[in-house]
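Enquirer: Residues 40 to 405 in the numbering used here are what the sequence shown lists, from first letter to last.
Ideal Cβ placement from N, Cα and C applies to all residues, glycine included.
Everything numeric in this text was worked out from a predicted model, so none of it was measured.
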Amino acid sequence: MKISINPPQQSLINAFLVMFIVHTAQLGVGVQGFQRIIYAEAKHGAWMSVLLSGVVTSIIGFVIVKTLSHYESSDIYGIQRDIYGKWIGTFINLVYVSYCLGAFLVVIRNYIEVVQAWVFPEVPTWFLAITLLMLVLYGALGGFRTIVGVSFFSVFLGIWLIALIAYPLKFANWQNVFPLFDSHALEIAKGAYAMTFTVIGFELIYSYYPFVKEKKKTNLYVQIGLAFTTLIYLIIMLVSLTYFSGGQLGRTVWGTLSLFKIVRLPFIERFEYVAITFWMLIILPNLMLYVWSAARGMGRIFQKSEKWFLWIFAGVMFIVIQFFVTREQINTLSNNFAKISFYVVYCYPVILYILVIIKKKVTKKG
Numbered sequence: 040m041k042i043s044i045n046p047p048q049q050s051l052i053n054a055f056l057v058m059f060i061v062h063t064a065q066l067g068v069g070v071q072g073f074q075r076i077i078y079a080e081a082k083h084g085a086w087m088s089v090l091l092s093g094v095v096t097s098i099i100g101f102v103i104v105k106t107l108s109h110y111e112s113s114d115i116y117g118i119q120r121d122i123y124g125k126w127i128g129t130f131i132n133l134v135y136v137s138y139c140l141g142a143f144l145v146v147i148r149n150y151i152e153v154v155q156a157w158v159f160p161e162v163p164t165w166f167l168a169i170t171l172l173m174l175v176l177y178g179a180l181g182g183f184r185t186i187v188g189v190s191f192f193s194v195f196l197g198i199w200l201i202a203l204i205a206y207p208l209k210f211a212n213w214q215n216v217f218p219l220f221d222s223h224a225l226e227i228a229k230g231a232y233a234m235t236f237t238v239i240g241f242e243l244i245y246s247y248y249p250f251v252k253e254k255k256k257t258n259l260y261v262q263i264g265l266a267f268t269t270l271i272y273l274i275i276m277l278v279s280l281t282y283f284s285g286g287q288l289g290r291t292v293w294g295t296l297s298l299f300k301i302v303r304l305p306f307i308e309r310f311e312y313v314a315i316t317f318w319m320l321i322i323l324p325n326l327m328l329y330v331w332s333a334a335r336g337m338g339r340i341f342q343k344s345e346k347w348f349l350w351i352f353a354g355v356m357f358i359v360i361q362f363f364v365t366r367e368q369i370n371t372l373s374n375n376f377a378k379i380s381f382y383v384v385y386c387y388p389v390i391l392y393i394l395v396i397i398k399k400k401v402t403k404k405g
């Protein structure tokens, strides 16, 4: 495996598009019901947990880009091969591929559950799974630039949904967020930890960094994308805290979707149906990025075409999805993956950065 890679010129993207990729990769299914989980830890100080999570995420985003900048044009698979050697590096690369597939599984299964619970309770899981997998495959087989295009349009096609979150503010009770600083620091920290699954996705910069033209500008646009996502989560959390009572928020599984139920338009009776349908446009680039990253990793490891692995992964995911049927099973899957993703996304980048620094210093002295 080559450490540095130079994608063809026609596959490269401008740096400003990174902020769209980062944002769409983060804004997945987690936003549909993150409020209950954070409120359980931080109570009415949950909005501070969102801010803390955003700050920590920005720091980790900086660390990731800084790690990549020590190489001319490499991705996480090349860096790990360089740091750990052939055999250990290959093993860790396979672990990272498994992580990407795990994220893909959690996102697609949670979205299918939402569709079945809110819109089409009689539609079988296999039908929804194969429909989504076909859409994901269609985009991922088109290559990275196609995924970037989907990400770009996903932001603008979905932003109006976020704007409608302001509708419940006419019923807001701002006393629900007071006293402002009553929550303990430990509670706020636990709430930020609970945000992990909601904000992952930005770590995929590890995979597509070689495709960015102006690499020196990457960190700027990563930070803009992260800040925009944090702002959206903060707005949704504040609206939820002021609209729902504490007891309601603690019992509401899909808080964001419940907010859409309040929206009343003269030509649409059940607006949440529209929101769930449009949400597919938001999670599609998320799914495409994860499966593309996994397929790219396998292609790099075994020196084979990524397209073969895309088809294989689609088949495997279709089978695995069928094993998660009940709410308890899906919840267990999501919770366990959230714990794993905390270490992969927030702890490991710091370790990898330190190892890269040590490796460079040793090489320089040698």
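(1) Check whether the stretch 333 to 342 touches the stretch 130 to 148, taking contact to mean three or more Cβ pairs, one atom from each stretch, closer than 8 Å.
(2) What's the call for residue 173, buried or exposed, on a 16-neighbour Cβ count within 10 Å?
(3) Buried or exposed, going by whether 16 or more other CB atoms sit within 10 Å of the CB of residue 341?
(4) So, under 8 Å CB-CB, residue 72 and residue 281 are touching, yes? Tell me the CB distance rounded to an integer number of Å.
(5) Can you tell me whether DSSP reads residue 304 as helix, strand or coil?
(6) Between 358, 77, 321, which has its C-alpha nearest residue 201's C-alpha?
(7) Return the chain-ordered ranges of every beta strand (DSSP E) run that is complete within the stretch 171 to 252 and spans a minimum of 3 residues.
(8) For residue 279, name the three-state secondary structure that DSSP assigns.
(9) Measuring only the C-alpha atoms, how far is residue 102 from residue 355?
(10) Would you be able to state if there are at least three C-beta pairs under 8 Å between the stretch 89 to 97 and the stretch 231 to 250?
(11) Which residue's Cα is closest to the Cα of residue 184: 151, 53, 346, 110?
(12) Hey, would you say residue 179 sits closer than 8 Å to residue 186, going by beta carbons?
(13) Can you say whether residue 220 is buried or exposed, counting buried as having 16 or more other CB atoms within 10 angstroms of its CB?
(14) Ignore the nearest five residues each way along the sequence and tell me which others in residue 76's own chain have a CB closer than 7 Å to its CB.
(15) Rounding to the nearest angstrom, what Cα-Cα distance links residue 383 and residue 304 in this structure?
(16) What does a CB cutoff of less than 7 Å around residue 370 pick up in its chain, not counting 5 residues either side in sequence?
(17) Just the C-alpha distance for residue 163 and residue 143, rounded to the nearest angstrom, thanks.
(18) According to DSSP, which residues form a beta bridge with residue 43?
(19) Could you tell me if residue 345 is buried or exposed, where buried requires 16 or more neighbouring beta carbons within 10 angstroms of its beta carbon?
(20) Less than 8 Å between the beta carbons of residue 365 and residue 193, yes or no?
(21) Spatial neighbours of residue 289 within its chain, please: CB distance less than 8 Å, with the 5 preceding and 5 following residues excluded, ordered by chain position.
(22) Suppose the cutoff is 6 Å on Cβ atoms and the five residues either side in sequence are ignored; what does the same chain contact list for residue 21 look like?
(23) Once the 5 residues before and after residue 299 are set aside, which same chain residues still bring their CB inside 6 Å of it?
(24) Tell me, which residues are paired with residue 52 by DSSP?
(25) Can you find the residues in the same chain that come closer than 7 Å, C-beta to C-beta, to residue 256, ignoring five residues on each side of it along the sequence?
(26) Would the stretch 261 to 271 and the stretch 56 to 70 be scored as touching if the rule is three or more Cβ pairs under 8 Å?
(27) Tell me whether residue 361 sits in a helix, a strand or coil according to DSSP, three-state version.
(28) Reducing DSSP to helix, strand and coil, say where residue 160 ends up.
Expert: Considering the structure as presented:
(1) yes
(2) The count along the sequence shown starts at 1 and reaches residue 173 at position 134. Classification of residue 173: exposed, given that the 10 Å Cβ count is below 16.
(3) For this step, residue 341 is matched to residue 302 along the sequence shown. Exposed, by the Cβ-count rule.
(4) Along the sequence shown, one-based indexing puts residue 72 at 33. Along the sequence shown, one-based indexing puts residue 281 at 242. Not a contact, Cβ separation roughly 18 Å.
(5) Within the sequence shown, the letter at position 265 stands for residue 304. Note: residue 304 maps to strand in three-state DSSP.
(6) In the sequence shown, counting from the first residue as 1, residue 201 sits at position 162. Nearest option by C-alpha distance: 321.
(7) none
(8) By one-based count along the sequence shown, residue 279 stands at place 240. Helix at residue 279.
(9) Looking up residue 102 in the sequence shown gives position 63. Looking up residue 355 in the sequence shown gives position 316. Roughly 33 Å separates the two Cα atoms.
(10) yes
(11) Your numbering for residue 184 matches position 145 in the sequence shown. Residue 184 has its Cα closest to that of 53, out of 151, 53, 346, 110.
(12) In the sequence shown, residue 179 corresponds to position 140, counting from 1. In the sequence shown, residue 186 corresponds to position 147, counting from 1. Their beta carbons are under 8 Å apart, which means residue 179 touches residue 186 by this criterion.
(13) Within the sequence shown, the letter at position 181 stands for residue 220. Exposed: under 16 other Cβ atoms inside 10 Å.
(14) Start at 1 with the first residue of the sequence shown, and residue 76 comes out as number 37. Cβ within range, chain order: 233.
(15) For this step, residue 383 is matched to residue 344 along the sequence shown. For this step, residue 304 is matched to residue 265 along the sequence shown. Going from the Cα of residue 383 to the Cα of residue 304 covers about 43 Å.
(16) Against the sequence shown, residue 370 aligns to sequence position 331. The answer is none, since no qualifying residue turns up.
(17) As a position in the sequence shown, residue 163 is number 124, starting the count at 1. As a position in the sequence shown, residue 143 is number 104, starting the count at 1. Approximately 19 Å, taken between the alpha carbons.
(18) Taking the sequence shown and counting its residues from 1, the one referred to as residue 43 is at position 4. DSSP, once it has assigned bridges, lists 113 as partnering residue 43.
(19) Here the question's residue 345 lines up with position 306 in the sequence shown. Counting Cβ neighbours within 10 Å, residue 345 comes out buried, since at least 16 surround it.
(20) Numbered from 1 along the sequence shown, position 326 holds the residue referred to as residue 365. Numbered from 1 along the sequence shown, position 154 holds the residue referred to as residue 193. Not closer than 8 Å, so no.
(21) Against the sequence shown, residue 289 aligns to sequence position 250. Excluding residues within five positions, the ones whose Cβ falls inside 8 Å are 75, 78, 79.
(22) This structure cannot settle anything about residue 21, because the visible part of the chain is limited to 40 through 405.
(23) Against the sequence shown, residue 299 aligns to sequence position 260. Contacts found: 310, 311, 314.
(24) As a first step, residue 52 must be located in the sequence shown, where it is residue number 13. Residue 52 pairs with 251.
(25) Here the question's residue 256 lines up with position 217 in the sequence shown. The residues are 54.
(26) yes
(27) Stepping through the sequence shown from its first residue, residue 361 is reached at position 322. Reduced to three states, the DSSP call for residue 361 is coil.
(28) For the purposes of this step, residue 160 is taken as residue 121 along the sequence shown, with counting starting at 1. Coil at residue 160, not helix or strand.
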